[in-house]
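Quick note, the numbering used here runs 2 ahead of the 1-based positions in the sequence shown.
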Amino acid sequence: MLGLGSLPMLAQTPQTDLPQLYSLVDGKTIIKTNPFNDILGHLNLKVERLITRGASAQLSLEFSPNGATEKQSGAFHTNPFFMSNSFVFSPEQPRYIAASPQIRCYLNGGMGHGFYMEAYYRAQHSEFSHQRMYVHHHMVGSGTNFFDVRYNGSATMHSFGINIGAQWLFGRRKNIVLDWHILGVGRGFARGGFTANFDDVSHAVLEEAVRSELLSMTEQAVFTFDNKTDNNVKVSNLKYQSYLFNMGLSLGFRF
3 MLGLGSLPML
13 AQTPQTDLPQ
23 LYSLVDGKTI
33 IKTNPFNDIL
43 GHLNLKVERL
53 ITRGASAQLS
63 LEFSPNGATE
73 KQSGAFHTNP
83 FFMSNSFVFS
93 PEQPRYIAAS
103 PQIRCYLNGG
113 MGHGFYMEAY
123 YRAQHSEFSH
133 QRMYVHHHMV
143 GSGTNFFDVR
153 YNGSATMHSF
163 GINIGAQWLF
173 GRRKNIVLDW
183 HILGVGRGFA
193 RGGFTANFDD
203 VSHAVLEEAV
213 RSELLSMTEQ
223 AVFTFDNKTD
233 NNVKVSNLKY
243 QSYLFNMGLS
253 LGFRF
C-alpha cells in the first residue's frame, strides 16, 4: 500500500518549452533588426509573435531615408522586372518605405527556433531621384539619334512570396536571437510614373523613344507635355511586374 501511494509523487512533471524558460515576460515576442542594413542607413525592424508551437506571425518595417546618388535599383530604366531589397543582390537602393506581414511555420515544431518557411505580403513605395536614361530614335537617312532623359519618379508595389530560413536562440537565458533569411522569392505588381527633362527633340520623337526603351510598361502610359516649356514631360500610369529575390541576417532579443 505504501508503494502504491507513492506513485503520484514519482510522476514526471511536464517540461516547459525552451523559449518560455527564463523569459522576461512570456518568451513569445521577438524583436529583430538587420544590423548591416542599419549601418548603411536603411532602417528596419521586425516584430515576431509566437502563436503556437511551430507557428508565428511577424511584421517587418523598412525605411530608407536616402537613396543612392546615381543609378538606383528598381528605377524604370534599370530592368525592374528582377528586383531585390537585399544589399547582397542590389546595393544601390532608392529611397523607400515598406511594410510586410508574414506567417511563419517552423518545420521542427519549435517555438521560435529551427528551420522555417513563411508566406508574406509586401507593400512598398519607392522614390527615384536624379535618374538618367539614354534613349535612341531611328531617323530615316540619318542613322540613330541618341539623347538624354533626366527624371524623378515614384512607384508603389504590392508583392507576394515565400521565404525560407533558420532561427536560433542563444545565451544562458535563450533570449538572443539569430535569424538567417536564406532566400526569399516573390512576385510583385507595380504602378508609377515620373517627370522628366529631355534634350531638344520633338514631343513625338521623345514619346516614341521612351516607349521603345521601357517596352511593355508603357502600354497604358500617359504622356503629358508642359505647354510652358518644350523640354518637360510627365509620364504616368506605368505598370510592370517583377520577380523578387531577397536574403539577409537579423539579430534580436526575445522577451
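C-beta atoms are modelled at their ideal positions from N, C-alpha and C, and glycine is treated no differently. Predicted model, so just to flag it, every value in this text is computed and none were measured.
Touch test, the region 55 to 64 against the region 111 to 126, Cβ-Cβ under 8 Å, three pairs minimum: yes
Under 6 Å Cβ to Cβ from Val207, same chain only, skipping five residues before and after it: list those, please. Here the question's residue 207 lines up with position 205 in the sequence shown. The answer, listed in chain order, is His139.
Locate the beta strand (DSSP E) running through Val212, then write down its first and last residues. For the purposes of this step, residue 212 is taken as residue 210 along the sequence shown, with counting starting at 1. Counting along the chain, Val212 falls outside any beta strand (DSSP E), though it belongs to the alpha helix (DSSP H) covering 205 to 216.
Is His183 buried or exposed, if buried means 16 or more other CB atoms sit within 10 Å of its CB? Translated into positions along the sequence shown, residue 183 becomes position 181. Label assigned to His183: buried.
Along the chain, where does the beta strand (DSSP E) that runs through Pro103 open and close? Your numbering for residue 103 matches position 101 in the sequence shown. First-last of the beta strand (DSSP E) with Pro103: 97 to 108.
Residue range of the alpha helix (DSSP H) that includes Asp181: Taking the sequence shown and counting its residues from 1, the one referred to as residue 181 is at position 179. Per DSSP, Asp181 belongs to no alpha helix (DSSP H); it is in the beta strand (DSSP E), 178 to 200.
Taking buried to mean at least 16 other C-beta atoms within 10 Å of its own C-beta, is Gly173 buried or exposed? As a first step, residue 173 must be located in the sequence shown, where it is residue number 171. Under this definition Gly173 is an exposed residue.
Less than 8 Å separating the beta-carbons of Gln126 and Gln60? Indexing the sequence shown from 1 puts residue 126 at position 124. Indexing the sequence shown from 1 puts residue 60 at position 58. Cβ distance not < 8 Å, so Gln126 and Gln60 don't count as in contact.
Apart from the five residues just before and just after Asp181, which ones in its own chain have a Cβ nearer than 6 Å to its Cβ? As a first step, residue 181 is located in the sequence shown; it is residue number 179 there, counting from the start. Answer for Asp181: Lys34, Gln169, Ser252, listed in chain order.
DSSP beta-bridge partners of Gln74: The count along the sequence shown starts at 1 and reaches residue 74 at position 72. Paired residues: none, contrary to the question.
I'd like the span of the beta strand (DSSP E) that includes Asn239, first residue to last. For this step, residue 239 is matched to residue 237 along the sequence shown. Unbroken beta strand (DSSP E) run through Asn239: 234 to 256.
Considering only the alpha carbon of each residue, which of Thr31, Glu64, Gly29 lies closest to Pro37? Locating residue 37 in the sequence shown gives position 35, counting from the first residue. The residue with the shortest Cα to Cα distance from Pro37 is Glu64.
Compare the Cα-Cα distances from Phe247 to each of Pro82, Ser102, Gly188, Glu210 and report the closest residue. What you label residue 247 is simply residue 245 of the sequence shown in a count that begins at 1. Selected option, being the one with the closest Cα: Gly188.
For Asn87, which of helix, strand or coil comes out of DSSP? On the sequence shown, residue 87 is found 85 positions in, with the first residue counted as 1. Coil, per DSSP.
Between the beta-carbon of Thr284 and the beta-carbon of Tyr153, is there less than 8 Å? Residue coverage of the chain in this structure runs from 3 to 257, which leaves residue 284 outside it and unanswerable.
Alpha carbon to alpha carbon, how far is Asn239 from Asn233? Position 237 of the sequence shown holds residue 239. Position 231 of the sequence shown holds residue 233. In a straight line, the C-alpha of Asn239 is about 20 Å away from that of Asn233.
Just list the residues that DSSP pairs Ile33 with in beta bridges. Residue 33 sits at position 31 when you count from the first residue of the sequence shown. Answer by DSSP bridge pairing, in chain order: Val49, Phe255.
Look up Thr54 in the DSSP assignment and give the residues it is bridged to. Translated into the one-based positions of the sequence shown, residue 54 becomes position 52. Per DSSP, Ala57.
Here's the rule I'm using: 16 or more other beta-carbon atoms within 10 Å means buried, otherwise exposed. How should Phe191 be labelled? Locating residue 191 in the sequence shown gives position 189, where the first residue counts as 1. Per the 10 Å Cβ criterion, exposed.
Please report the residue range of the beta strand (DSSP E) in which Thr220 lies. Position 218 of the sequence shown, counting from 1, holds the residue named residue 220. Segment: none, Thr220 is in no beta strand (DSSP E) and carries neither H nor E.
Identify which residue in Arg213, Thr71, Tyr108 has its Cα closest to the Cα of Glu50. Within the sequence shown, residue 50 is the residue found at index 48, counting from 1. It is Tyr108.
Classification of Met135 by the beta-carbon crowding that lies within 10 angstroms, buried from 16 upward: Walking along the sequence shown from the start, residue 135 turns up at place 133. Met135 is buried by the Cβ-count criterion.
Leu185 to Arg124 span [Cα, whole Å]: In the sequence shown, the residue the question calls residue 185 occupies position 183. In the sequence shown, the residue the question calls residue 124 occupies position 122. Their Cα atoms are separated by approximately 16 Å.
Take Arg2 and list the residues in its own chain whose beta-carbon comes closer than 6 Å to its own, dropping the five residues that flank it on each side. There is no way to answer for residue 2, as the model of the chain reaches only from 3 to 257.
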